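Worksheet: one structure, shown below.
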Amino acid sequence: MGEMDTLKKEADGLKAQIEAGRKAVNDTTMATLASGVAAAPRVQLKNRKTLKGHLAKIYGLHWSADNRHMVSASQDGKLLIWDTYTGNKVYAVPLKSSWVMSCSMAPSGNLVASGGLDNMCTIANIKGASPKTLRELDAHEGYLSHSRFLNDSEILTASGDTTCCLWDLETGKQKVIYKSHVGDCMCLAVSPDQNTFISGACDSSAKLWDIRDGGCKQTFIGHTSDINAIAFYPSGTAVITGSDDCTLKMYDLRADQEVNGYQDAALNAGVTSVSLSSSGRLIFAGYDNFNCNIWDSLKAEKVGVLSGHDNRVSCIGVPDDGLGVCTGSWDSFLKIWN
Amino acid sequence: MSSKMPSSNNVTQARRTVQQLKIEASIERIKVSKASADLMHYCGEHAKYDPLLMGIPASENPFKDKKPCAIL
Numbered sequence: 001m002g003e004m005d006t007l008k009k010e011a012d013g014l015k016a017q018i019e020a021g022r023k024a025v026n027d028t029t030m031a032t033l034a035s036g037v038a039a040a041p042r043v044q045l046k047n048r049k050t051l052k053g054h055l056a057k058i059y060g061l062h063w064s065a066d067n068r069h070m071v072s073a074s075q076d077g078k079l080l081i082w083d084t085y086t087g088n089k090v091y092a093v094p095l096k097s098s099w100v101m102s103c104s105m106a107p108s109g110n111l112v113a114s115g116g117l118d119n120m121c122t123i124a125n126i127k128g129a130s131p132k133t134l135r136e137l138d139a140h141e142g143y144l145s146h147s148r149f150l151n152d153s154e155i156l157t158a159s160g161d162t163t164c165c166l167w168d169l170e171t172g173k174q175k176v177i178y179k180s181h182v183g184d185c186m187c188l189a190v191s192p193d194q195n196t197f198i199s200g201a202c203d204s205s206a207k208l209w210d211i212r213d214g215g216c217k218q219t220f221i222g223h224t225s226d227i228n229a230i231a232f233y234p235s236g237t238a239v240i241t242g243s244d245d246c247t248l249k250m251y252d253l254r255a256d257q258e259v260n261g262y263q264d265a266a267l268n269a270g271v272t273s274v275s276l277s278s279s280g281r282l283i284f285a286g287y288d289n290f291n292c293n294i295w296d297s298l299k300a301e302k303v304g305v306l307s308g309h310d311n312r313v314s315c316i317g318v319p320d321d322g323l324g325v326c327t328g329s330w331d332s333f334l335k336i337w338n
Numbered sequence: 001m002s003s004k005m006p007s008s009n010n011v012t013q014a015r016r017t018v019q020q021l022k023i024e025a026s027i028e029r030i031k032v033s034k035a036s037a038d039l040m041h042y043c044g045e046h047a048k049y050d051p052l053l054m055g056i057p058a059s060e061n062p063f064k065d066k067k068p069c070a071i072l
């Protein structure tokens with residue numbers, strides 16, 4: 001076992017080197033710098049629409065790139081596509097497996113994806129007389145926790161088997177497998193320039209990946225429990241994570257470390273979901289305690305609350321035009337606020 | 001699935017971990033002060049276009065229910 005000891009020593013040495021490298025550039029805190037910034041206005045958003053139609057817990061939602069339509073997934077075994085301006089349901093996609101954990105819509109609006117405890121990512125075409133299953137992406141060895149389309153021929157998935165994957169939708173096969181996490185992958189987010197993506201896992205770390213070559217470029221630590229939610233800052237230079245440890249963190253990619261933390265001694269509910277306003281100033285975070293807290297991303301202060309759900313807020317999203325925020329809950333409703 | 005000796009599996013895994021740590025240890029980092037300043041600058045530049053921060057006039061709010069007008 002001599003080699004194992006050598007490798008362990010080498011690993012420990014490298015971890016210490018990384019820690020020292022991070023400390024060396026840690027010359028201040030964002031909280032200190034942001035003390036001079038004007039406070040964000042007290043944010044009072046009103047519930048403008050409640051979308052009713054699901055019959056069981058909602059597990060995922062994703063806005064269309066057209067800022068008007070949205071797909072939601074529920075364990076009632078359906079994906080619903082909504083026209084959020086009218087509140088009407090436009091399509092219903094029945095699912096083979098009702099144990100769905102996530103859904104997403106392609107930027108074109110032509111395709112939707114869903115998956116969960118069936119370990120598969122099912123792609124459906126919703127433009128046509130009726131929704132049609134296009135592909136069943138079947139290779140993960142664990143549940144499908146998250147998915148995001150890059151375009152109509154490529155999709156990224158995150159799985160409980162600890163890997164993420166890039167799929168070719170023309171062939172239905174895996175193109176790239178991203179292996180490095182040692183816990184279930186729970187969430188992913190694609191960078192604005194689509195060259196990289198970030199994943200959060202039950203090993204309490206977030207990892208930045210090169211989409212094309214499959215390499216893990218950076219690993220962000222600090223959380224003390226599962227990372228359930230992750231989002232890119234609109235600048236593409238930072239990421240926000242939400243965890244079962246009841247906190248959110250902002251990691252800057254170029255400083256390679258945590259630069260801000262969002263926590264409250266009174267809050268002892270895990271974070272389930274996260275989304276940002278279009279400038280990045282506001283963080284919307286859904287919690288197990290039925291609320292969504294609004295944080296000032298720079299000053300790390302709570303500036304508002306969205307309350308109205310009767311059960312856990314499981315998913316949140318802000319459309320690309322930033323005109324509202326939608327919360328989805330285990331109470332089976334979606335609410336739009338602005 | 002081929003059955004591997006547990007010890008050689010661990011060694012392969014350990015080698016991969018060291019390889020990955022080498023990549024992560026070699027990146028160039030910028031100062032937190034610069035990183036924070038850049039993020040704050042980005043926010044500042046984009047704040048005026050952020051509807052949730054600035055508020056949305058009722059006439060431009062696509063989610064607000066339009067009440068019917070009664071001509072009396």
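Going down the list, the sequences are from chains A and B. Mind the numbering: the first sequence is residues 1 to 338 in full-length UniProt numbering, read in order. Mind the numbering: the second sequence is residues 1 to 72 in full-length UniProt numbering, read in order. Think of the CB as a built atom: it goes at the ideal place given N, C-alpha and C, for glycine as much as any other residue. Treat the numbers as computed from the prediction; the structure is a model and nothing was measured.
7 angstroms Cβ cutoff met for residue i and residue j
i	j	result
Gly328(A)	Ile58(A)	yes
Ser243(A)	Val274(A)	no
residue 385(A)	Gly317(A)	Nothing in the structure corresponds to residue 385(A), since chain A is present only between 1 and 338.
Thr247(A)	Gly261(A)	yes
Gln194(A)	Arg22(A)	no
Lys335(A)	Asn47(A)	yes
Ser108(A)	Asp76(A)	no
Ser277(A)	Asp65(B)	no
Ser147(A)	Ser191(A)	no
Ala124(A)	Gln174(A)	no
Asn338(A)	Ile27(B)	no
Pro319(A)	Trp82(A)	no
Ser114(A)	Gly142(A)	no
Thr50(A)	Phe232(A)	no
Met186(A)	Asn228(A)	yes
Val259(A)	Val32(B)	yes
Ala285(A)	Asn291(A)	no
Cys164(A)	Asp184(A)	no
His41(B)	Ser279(A)	no
Leu45(A)	Ala14(B)	no
Ser74(A)	Met101(A)	no
Ala300(A)	Ala31(A)	yes
Arg135(A)	Leu169(A)	yes
Ala35(B)	Arg281(A)	no
Per DSSP, cross-strand counterpart(s) of residue i
i	result
Ile240(A)	Ala231(A) and Met250(A)
Tyr178(A)	Cys164(A)
Ile56(B)	Looking at the DSSP assignment, Ile56(B) forms no beta bridge with any residue, so it has no partner.
Glu136(A)	Thr122(A)
Val112(A)	Met105(A) and Ala124(A)
His146(A)	Ala158(A)
Gln218(A)	Leu208(A)
Ser98(A)	For Ser98(A), which the question treats as bridged, DSSP gives no partner whatsoever.
Ile30(B)	Ile30(B) pairs with nothing; no bridge assigned.
Ile198(A)	Ala189(A) and Leu208(A)
Glu301(A)	Asp296(A)
Lys173(A)	Asp168(A)
Lys49(A)	Ile336(A)
Asn151(A)	Glu154(A)
Selected residue, minimal CA-CA separation from residue i, among the options
i	options	result
Met54(B)	Ser108(A), Arg42(A), His54(A) and Leu51(A)	Arg42(A)
Thr224(A)	Glu301(A), Asn151(A), Ala266(A) and Gly200(A)	Gly200(A)
residue 339(A)	Glu28(B), Gly44(B) and Lys66(B)	Absent from the model: residue 339(A). The displayed extent of chain A is 1 to 338, so no value can be given.
Ala206(A)	Leu169(A), Thr162(A), Gln174(A) and Val176(A)	Thr162(A)
Gln218(A)	Asp252(A), Asp296(A) and Leu137(A)	Asp252(A)
Asn268(A)	Arg148(A), Asn289(A), Trp209(A) and Ile126(A)	Asn289(A)
Phe220(A)	Val239(A), Met120(A) and Trp82(A)	Val239(A)
Ala34(A)	Gly322(A), Ala56(A) and Ser297(A)	Ser297(A)
Leu52(B)	Leu323(A), Lys299(A) and Leu137(A)	Leu323(A)
Lys15(A)	Ala25(B), Tyr42(B), Ala37(B) and Ile30(B)	Ala25(B)
Asp226(A)	Lys249(A), Cys216(A), Trp209(A) and Asp264(A)	Lys249(A)
His309(A)	Leu188(A), Glu136(A), Asp321(A) and Tyr287(A)	Tyr287(A)
Leu117(A)	Ile126(A), Trp99(A), Lys127(A) and Ala24(A)	Trp99(A)
Ser204(A)	Gly214(A), Cys326(A) and Ser180(A)	Ser180(A)
is_contact[residue i, chain E] using C-beta, thresh 7 angstroms
i	result
Met70(A)	The question asks about chain E, but that chain is absent: this structure's protein chains are A and B.
Do the segment 8-16 of chain A and the segment 8-27 of chain B touch if we need at least three Cβ pairs shorter than 8 angstroms?
-> Taking 8 angstroms as the limit for Cβ pairs, the verdict is that the segment 8-27 of chain B does touch the segment 8-16 of chain A.
Give a yes or no on contact between the segment 118-133 of chain A and the segment 86-100 of chain A, applying the rule of three or more CB pairs nearer than 8 angstroms.
-> Between the segment 118-133 of chain A and the segment 86-100 of chain A, the count of Cβ pairs shorter than 8 angstroms is three or higher; the stretches touch.
Contiguous alpha helix (DSSP H) assignments of at least 4 residues, all confined to the segment 9-44 of chain A = With a minimum length of 4 residues, the continuous alpha helix (DSSP H) runs that stay inside the segment 9-44 of chain A are 30-34.
Which ranges does the beta strand (DSSP E) cover as unbroken runs of at least 3 residues, wholly within the segment 253-298 of chain A, from first to last along the chain?
-> Listed in chain order, they are 257-262, 271-276, 282-287 and 292-296.
Unbroken beta strand (DSSP E) runs of length 3 or more, entirely within the UniProt repeat "WD" (51-92) of chain A: which are they?
-> Segments of the beta strand (DSSP E) lying fully in the UniProt repeat "WD" (51-92) of chain A: 58-63, 69-74 and 78-83.
Entirely within the UniProt repeat "WD" (306-338) of chain A and at least 3 residues each: give me those beta strand (DSSP E) ranges in chain order.
-> 313-317, 325-329 and 334-337, all fully within the UniProt repeat "WD" (306-338) of chain A.
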